[in-house]
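A.B. asks:
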Amino acid sequence: MFRLNLYTPEKKLVQSQEVDELFVSAEKGELNILPGHAPLMTTLQPGILRYRRKGEGSMQSVALSWGYCQVNPEGVNILAQTAETPEEIDIERVNRSIKLSTEQLNAIDADADMVEKHLKKLMRAKVRKELVEQNGQTTH
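Going by my numbering, the first residue of the sequence shown is number 2, and it counts up by one from there.
Next comes the structure, spelled out in structure tokens:
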């Protein structure tokens, strides 16, 4: 068991929650963090954070955009630009975002900064959609 803290600039989503296991999308791939994990600091990619509260069988899930993850002897601290639970996600807005980002990517004339910007938007929207679909929701 270790403690999880998940913060964004706007909210404290999880604070000192005792957890048994955590999965997060890091720069080089998905990390599975268990009690006693070696200390580390890494950047996060858009993905779904999954964690199991102490003594529970089911996983909690949160869609994250980019951010940072720190593992230390006391627990895991995650600082994310955005973090949303399935209930907070508006699937219609997500679908519009995917459509718009795809259209903009197809229209860009090799401007690397614009391509990167719209790829990030598209990745974030797809993560949000995946989370909603995993939780059996269709609209919000």
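Glycine residues also receive a C-beta, built at the ideal position from the N, C-alpha and C atoms.
1. DSSP three-state call for Lys13: helix, strand or coil?
2. Can you tell me whether Ala126 is buried or exposed? The criterion is at least 16 other CB atoms within 10 Å of its CB, across all chains shown.
3. With DSSP collapsed to three states, give me the class of Gln18.
4. Starting from the C-beta of Tyr8, find all residues in its chain whose C-beta is less than 6 angstroms away, skip the five residues before and the five after it, and write them out in chain order.
5. In the DSSP assignment, find the beta strand (DSSP E) that holds Gln71 and state where it starts and stops.
6. DSSP three-state label for Thr103, please.
7. Using 8 angstroms as the Cβ pair cut-off and three pairs as the minimum, do the stretch 39-49 and the stretch 68-79 touch?
8. Given this structure, state the Cα-to-Cα distance separating Val20 from Thr86, to the nearest angstrom.
C.D. replies: Taking the geometry as given:
1. One-based indexing of the sequence shown puts residue 13 at position 12. Lys13: strand per DSSP, three-state reduction.
2. Here residue 126 refers to the residue found at position 125 when the sequence shown is read from its first residue. Ala126 comes out buried.
3. The sequence position of residue 18 within the sequence shown is 17, counting from 1. Gln18 falls in the strand class under three-state DSSP.
4. As a working mapping, residue 8 is identified with position 7 in the sequence shown. Counting only Cβ-Cβ distances below 6 angstroms, and skipping sequence neighbours, we find Leu80.
5. The sequence position of residue 71 within the sequence shown is 70, counting from 1. Where Gln71 is concerned, the enclosing beta strand (DSSP E) stretches over Gly68 to Asn73.
6. Counted from its first residue, the sequence shown places residue 103 at position 102. Reduced to three states, the DSSP call for Thr103 is helix.
7. A contact between stretches requires three or more CB pairs, one per stretch, nearer than 8 angstroms, and the stretch 39-49 meets this requirement with the stretch 68-79.
8. Here residue 20 is taken as the residue at index 19 of the sequence shown, counted from 1. Here residue 86 is taken as the residue at index 85 of the sequence shown, counted from 1. Using only the alpha carbons, I get a separation of about 17 angstroms.
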